[in-house]
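Report on the structure given below.
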DNA sequence: TTGAAAGCGATACCAG
DNA sequence: CTGGTATCGCTTTCAA
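Protein chains in written order, with UniProt numbering: chain A, 1 to 344; chain B, 1 to 344.
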């Protein structure tokens, strides 16, 4: 690449330093205060129309973009909502919910940001989030403890909301009843006359927060009956499923709750390939009610769970931010219902 | 809720203002400068061990967390990498890539953040991103134009990298050859003797950026031959697939490229339910090589695409940030290969 | 209606 | 080795 030395060709639009409101003021021939008033439509002061125009034109000409950090430093608070990005792909159901939530929060004029806190755990992560001085932090399941909440609050977070299976001291909570998912599945299988029930537990580490309560739910559903529960570790790979299916005769199970629809699909195929008939030999129930469950043959029974509307959670966040002193709210989501299809 | 008025109960640990480095300095009995040196391990100055300890203890006692905005304001730059969050769920393949990338960037000490710019389009979005003064912006396909890149650069972004199907003026590009995906699929179907080829185009709006080049790829593969290409709009719902399958006799197609494996699964089921045999009556090819393709019966032929390692892209970003003057790099991903299974 | 100036929190230079 | 202090960009009183 031929480069013309700067000294020889100062004409090239070299990356001049980024324009500030002072530059805008200079170009418009006004003070920085006036620029601020105009660009923020401050209603407390009235600026003459010609001045407004000059300021707007200067801003556009320079390509001025305000500096968010400077602004929130001065303001003493931000409208940033931080969501730790889940480190494992968490499925379409959850993605859709997150999307909806982000949309709703944007409508309330928050800046929503997903922070990838890879490699940090517990309080370290909380500290990293706190550095950004968010107005609110929305933590998906298992990502924070009471000390983490304290760190965030001390550094000015006005609301911490956890989405998960258990309440965290000091934080608002949206409790999703994963145990209920397991309970519904277990009760259904029991009612269908099944007594030796397997429960798939994904080997993928990030999913334990879901799989554990779902497993416990199945257990609680058949507690005190003559039914037994067998834990079935399974990785999301064909080979793992094939190995599990090969052990089927010795396992002697007549039913499986497969954690979710995707694992159910994986297992259904492996079972069918191994000559195990679904649902005759073994009944199969998934969860999350994904489209793909309806596409399987036999079509997949599943547990449907109604996540709250993104708007509702957004409003909870907004309320919490406006009134940080209020006692933590706890909301429950336990609308788990069984969708009975052909696999059970 | 019973609320005790504040005035009556000032004893409750009310949110005292958030501790700053000045507070730490005061408590440790040193100057703010010293605090900064200690906490940042500044190697240029040597601080006595006792002082270090006192500072660290004071910081811990107060629960001090540095203020990222203040820091980057002072520093004049940030290590923030901004990635606009895709507004549509974009599939497991892409999610995994994003995750890997975030991880690699964190290792290089960048703060990676996904920004949900819901509702903003084009330059508006670019301006919103620019307010955060990121060091680099990674824009997935179709999210930015040349003016947007200019806005970002003018406000100090040292690198803009687009991941997509076309180069954008001024930005580094990682070009994923979606047309190649279509070409490979089309060529394969042609080679298998198919001549009336349907191409599924998702009705979901966000997917057009992928589906358009894939469709064009199929077209180019059979251009100048006796094969024809028919566009098949399809929404990701059973009913939509059923309607499409019902029209099958009149369409008279002997092959379909189904955009990706998920749409392929949807269509395969609908075709089978409508009595169309795959692959005898109609050959079917998906894309993305998802696990579920192997689980279908017949197992699904698909186009595998090798995305670059997250590490490589992270290094491109890092290089670009360190050397903002360098000419935009363009990298190509065109490793599309056909995985032949039973559906074609 | 506009301008001057203080100050948000952290850092890095320059003295001491 | 440690402490003042100017500075980053912006908003917001207070005066003019």
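We treat Cβ as the ideally placed atom computed from N, Cα and C, and that holds for glycine. Small disclaimer: the values here were computed from a predicted structure and weren't measured.
Open item on the list: Does residue 226(B) pass the burial test, meaning 16 or more other C-beta atoms within 10 Å, or should it be called exposed?
Closed with: exposed
Task: Chain-ordered chain A contacts of residue 291(B) [CB-CB under 8 angstroms] - done: 236, 237, 238 and 266
Task: Contacting residues, own chain, Cβ-Cβ under 6 angstroms from residue 117(A) (five flanking each side not counted) - done: 84, 125 and 128
TODO: Note the first and the last residue of the continuous alpha helix (DSSP H) segment covering residue 198(A).
DONE: From DSSP, residue 198(A) is part of no alpha helix (DSSP H) but of the beta strand (DSSP E) over 196–202.
TODO: Confirm, please, whether the CB-CB distance from residue 161(A) to residue 141(A) is below 9 angstroms.
DONE: no
Task: Rounded C-alpha distance that separates residue 174(A) from residue 65(B) - done: 27 angstroms
- [ ] Could you tell me the boundaries of the alpha helix (DSSP H) in which residue 146(A) lies?
- [x] 146–154
Open item on the list: Distance check for residue 304(A) and residue 63(A), CA to CA, integer angstroms please.
Closed with: 50 angstroms
Open item on the list: Please state the DSSP three-state secondary structure of residue 78(A).
Closed with: The DSSP-derived three-state label of residue 78(A) is coil.
TODO: Answer yes if the region 149–163 of chain B comes into contact with the region 220–236 of chain B, meaning at least three C-beta pairs across the two stretches below 8 angstroms, and no otherwise.
DONE: No: the two stretches stay apart, fewer than three of their Cβ pairs being nearer than 8 angstroms.
Task: Those residues which DSSP pairs with residue 175(A) across a bridge - done: In the DSSP output, where bridge partners are listed per residue, residue 175(A) has 164(A) and 332(A).
Task: Distance between beta carbons of residue 216(A) and residue 179(A), contact taken as under 8 angstroms - done: 5 angstroms
TODO: Rank 228(A), 328(A), 230(A) and 45(A) by C-alpha distance to the C-alpha of residue 172(A) and give the top, closest one.
DONE: 328(A)
Task: Minimum length 4: unbroken alpha helix (DSSP H) runs contained in the region 277–325 of chain A - done: The qualifying runs are 291–295 and 310–322.
- [ ] Just the C-alpha distance for residue 294(B) and residue 191(B), rounded to the nearest angstrom, thanks.
- [x] Computed Cα separation, rounded: 22 angstroms.
- [ ] Report the rounded CA-to-CA distance for residue 45(A) versus residue 113(B), giving the unit in angstroms.
- [x] 36 angstroms
- [ ] Could you pull out every residue in the same chain whose Cβ sits closer than 6 angstroms to the Cβ of residue 59(B), ignoring the five residues on either side in sequence?
- [x] 24
Open item on the list: In the DSSP output, what is residue 257(A) paired with across the bridge?
Closed with: 199(A) and 285(A)
TODO: Out of 120(B), 87(B) and 76(B), point me to the one whose CA is closest to residue 109(A)'s CA.
DONE: It is 120(B).
Task: Contact the region 276–285 of chain A vs the region 247–264 of chain A: 3+ CB pairs below 8 angstroms - done: yes
Task: Coil, strand or helix - residue 115(A) by DSSP - done: strand
- [ ] Check whether the region 279–290 of chain B touches the region 301–319 of chain A, taking contact to mean three or more Cβ pairs, one atom from each stretch, closer than 8 angstroms.
- [x] no
- [ ] For residue 140(B), name the three-state secondary structure that DSSP assigns.
- [x] strand
Task: C-beta atoms of residue 156(A) and residue 260(A) nearer than 9 angstroms - done: no
- [ ] Taking only beta-carbon positions, decide if residue 339(A) is within less than 9 angstroms of chain B.
- [x] No, because no Cβ of chain B sits closer than 9 angstroms to the Cβ of residue 339(A).
Task: C-beta atoms of residue 130(B) and residue 158(B) nearer than 9 angstroms - done: no
- [ ] Can you pull the chain A residues whose beta carbon is under 8 angstroms from the beta carbon of residue 67(B), in chain order?
- [x] 73, 131 and 133
- [ ] For residue 337(B), collect the residues of the same chain with a Cβ closer than 6 angstroms to its Cβ; drop the 5 residues on either side in sequence, then sort them by chain order.
- [x] Counting only Cβ-Cβ distances below 6 angstroms, and skipping sequence neighbours, we find 304.
Task: residue 151(A): contacting residues in chain B (beta-carbon distance under 8 angstroms) - done: 63 and 65
Task: Counted within 10 angstroms of its Cβ, other Cβ atoms place residue 188(B) as buried (16 or more) or exposed - done: buried
TODO: Could you check what DSSP says for residue 18(B) in three-state terms: helix, strand or coil?
DONE: coil
TODO: Give the single residue among 49(A), 133(A) and 324(A) whose Cα lies nearest to the Cα of residue 75(A).
DONE: 133(A)
Open item on the list: For a cutoff of 9 angstroms on Cβ pairs, would you count residue 262(A) as touching chain B?
Closed with: yes
TODO: State the Cα-Cα distance for the pair residue 87(B) and residue 253(A), rounded to the nearest angstrom.
DONE: 42 angstroms
Task: Contacts around residue 32(B), its chain only, beta-carbon distance under 6 angstroms, and the 5 residues preceding and following it disregarded - done: 21, 22 and 25
- [ ] State the DSSP-derived secondary structure class of residue 108(B), mapped to helix, strand or coil.
- [x] coil
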